[in-house]
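Below: the structure, in structure tokens.
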Amino acid sequence: MSDQVKQTVKKVFEDLATSLETGRMESRVKIGLTFDGSELGMEVMKQAAYAIKQKNLFDVVLIGSDVEWAGDFEHYSTTSCQKESSELMEELLDSGELQGCVTLHYSFPIGVSTVGKVVTPALGRELYIATTTGTTSGVRNEAMVLNAINGIAAAKACGINQPTVGILNVEGAKTVERSLTTLQENGYELAFGESQREDGGKVLRGNDLLLGSVDVVVCDSLTGNILMKLFSAGSSGGNYETLGAGYGPGIGRNYDRNICIISRASGVPVIVNALEYAYELAKGKLGKISQVEYQKADQAGLKQICAELTAAPTAEAAKEIEPPAKEIVTSEIAGIEIMELEDAVKALWEIDIYAESGMGCTGPIVLVNEKNLAAAQAELKKAKYL
122 MSDQVKQTVK
132 KVFEDLATSL
142 ETGRMESRVK
152 IGLTFDGSEL
162 GMEVMKQAAY
172 AIKQKNLFDV
182 VLIGSDVEWA
192 GDFEHYSTTS
202 CQKESSELME
212 ELLDSGELQG
222 CVTLHYSFPI
232 GVSTVGKVVT
242 PALGRELYIA
252 TTTGTTSGVR
262 NEAMVLNAIN
272 GIAAAKACGI
282 NQPTVGILNV
292 EGAKTVERSL
302 TTLQENGYEL
312 AFGESQREDG
322 GKVLRGNDLL
332 LGSVDVVVCD
342 SLTGNILMKL
352 FSAGSSGGNY
362 ETLGAGYGPG
372 IGRNYDRNIC
382 IISRASGVPV
392 IVNALEYAYE
402 LAKGKLGKIS
412 QVEYQKADQA
422 GLKQICAELT
432 AAPTAEAAKE
442 IEPPAKEIVT
452 SEIAGIEIME
462 LEDAVKALWE
472 IDIYAESGMG
482 CTGPIVLVNE
492 KNLAAAQAEL
502 KKAKYL
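Going by our numbering, the sequence shown opens with residue 122, and the numbers climb by one from there.
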């Protein structure tokens, strides 16, 4: 622990002793802001800090180089080196001096990813995007399942008691849907929302993002990062983020630091919103809530579900299967993951049902003869393709 942090901790205890002596117990939440490194210059950081100071909801603590205006705030002086600022930020968070921090860049450990927050343009609803940076898992489908837990934790910490969840229609969506449904059936309290498109369902389309059809949208981090940039800078030409609350806090199993990410292109409104997001998460006890959510999910079989998602394919699954005699196929079976479509067809061939793969108006489909429809659906459910 640095001497600067030790002095701060000493001051905290002195203030506590004074409060006990005078009978006044007033505790202000402190949210840090590392302010070096913005592509938009120091002015955006300055304006955001003063905007929060004027609102007077919580205290902003600055971490960064010596600038004149920093004297109006509690300020920890560092060089412009990101590594130095990050290390000091970690010390202040771990000591309890800060209850959260907003920073321009931070390398989270594997297993931790961030949940961004935007306001959707159609109806002005808040939407949590899980996730937007970081790597929850090296296996995409497992990462998206864990991202759902992270998104729920963030929404609950911000006061949504039962957030609704939807899965963005990207690669792996149907597999993730089956995994989350299993988790729900095993007792985990997961409330699915529904697409506003005519055919509904738990898998969301682009329209649903604009509408804010659910509270939490689940996707991979790369897709989530693109969504954040489009939502936040789509109206400004791309080089100045004006909307949303940034890329959000890093969340993961056994991770409890409230570190929220903004971009080097984040403008004043986004920085202000990110600081307020960090404040909400601190008041809502994000670390405790995420720990509880993971415990509940584990009790519902999360680890087993993840093990199945990351298991290597067996030799039997890779063997060549000859199709049965060709038939006219007119009946469609939808809801199968695109990456598993050919395997699903072969699963039906194995029980002597002729099938073909195709693409319907809502996504991948398996085509079978009408007389085989019920048997094919039953087999695909049994084999967990549906």
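Note that the Cβ used here is the ideal one computed from N, Cα and C, for glycine as well.
Given the structure is predicted, the values throughout are model-derived calculations rather than measurements.
Can you check DSSP and say which residues form a bridge with residue i?
i, result
"T254", "Answer by DSSP bridge pairing: none, since T254 is not bridged."
"E212", "DSSP, once it has assigned bridges, lists no residue as partnering E212."
"I152", "V181, G221"
"A274", "DSSP, once it has assigned bridges, lists no residue as partnering A274."
"L289", "L325"
"T235", "G371"
"F313", "V286"
"C202", "Note: C202 sits in no beta bridge, so no partner."
"C381", "V223, P370"
"Y249", "K238, V337"
"E195", "V182"
Can you tell me whether residue i is buried or exposed, with buried defined as 16 or more other CB within 10 angstroms of its CB?
i, result
"P485", "buried"
"N375", "exposed"
"D336", "buried"
"V489", "buried"
"C222", "buried"
"C202", "exposed"
"V413", "exposed"
"S228", "exposed"
"S357", "exposed"
"K502", "exposed"
"P230", "exposed"
"E458", "buried"
"S148", "exposed"
"E463", "exposed"
"Q220", "buried"
"N328", "exposed"
"T431", "exposed"
"R299", "buried"
"T235", "buried"
"G322", "buried"
"E441", "exposed"
"E362", "buried"
"N177", "exposed"
Identify whether residue i lies in helix, strand or coil by the three-state DSSP scheme.
i, result
"T303", "helix"
"R145", "Here R145 scores only 44 on pLDDT, less than 50, and its place in the model should not be relied on; the value that follows carries that caveat. Three-state result, R145: coil."
"Q416", "helix"
"E471", "helix"
"P390", "helix"
"L332", "helix"
"S452", "strand"
"Y227", "coil"
"I173", "helix"
"E160", "coil"
"E362", "strand"
"Y506", "coil"
"K492", "helix"
"E461", "helix"
"S207", "helix"
"T139", "Confidence in T139 is poor, its pLDDT being 44 and thus under 50, which makes the residue's placement unreliable; the coordinate value appears in the next sentence. Reduced to three states, the DSSP call for T139 is helix."
"Y376", "coil"
"R261", "helix"
"A403", "helix"
"V188", "coil"
"S357", "coil"
"G279", "Gly is not the amino acid found at residue 279; the sequence shown has Cys there. C279 falls in the coil class under three-state DSSP."
"G422", "coil"
"G408", "helix"
So residue i and residue j are supposed to be a Cβ contact under 8 Å. How far apart are they, rounded?
i, j, result
"T380", "T256", "Note that residue 380 corresponds to Ile in the displayed sequence, not to Thr. That belief does not hold up - the Cβ atoms of I380 and T256 are roughly 15 Å apart, past 8 Å."
"N290", "L325", "6 Å"
"F179", "Y400", "5 Å"
"V239", "G388", "At roughly 14 Å, the Cβ-Cβ gap does not stay under 8 Å, so V239 and G388 are not in contact."
"Y415", "I270", "6 Å"
"V181", "L154", "6 Å"
"G345", "T253", "4 Å"
"V286", "L304", "11 Å between Cβ atoms; not a contact."
"A170", "L183", "7 Å"
"E453", "V466", "Going by Cβ atoms, the distance from E453 to V466 rounds to 13 Å, so no, they are not a contact pair."
When you measure from the CB of residue i to every non-hydrogen atom of the ligand FAD, does any distance come out below 7 Å?
i, result
"E491", "This structure simply doesn't include the ligand FAD, nor any ligand for that matter."
_Stretch pair the stretch 194-201 + the stretch 350-365: three plus CB contacts closer than 8 Å_ = These segments do not touch.
*Is it true that the stretch 236-255 meets the stretch 202-216, where meeting means three or more beta-carbon pairs spaced less than 8 Å apart?*
Touching, no.
*Should the stretch 408-419 be regarded as contacting the stretch 443-460, the criterion being three or more beta carbon pairs within less than 8 Å?*
Flag = no, the stretch 408-419 and the stretch 443-460 do not touch.
*Within the chosen definition, does the stretch 316-335 reach the stretch 264-276 through at least 3 CB pairs nearer than 8 Å?*
Output reads no: the stretch 264-276 does not touch the stretch 316-335.
*Examine the Cβ distances between the stretch 255-271 and the stretch 394-409 and report whether three or more of them are shorter than 8 Å.*
Contact fails: fewer than three Cβ-Cβ distances are below 8 Å.
*On the three-pair Cβ rule with 8 Å, is the stretch 359-371 touching the stretch 285-304?*
Fewer than three pairs of CB atoms, one per stretch, sit closer than 8 Å, so the stretch 359-371 makes no contact with the stretch 285-304.
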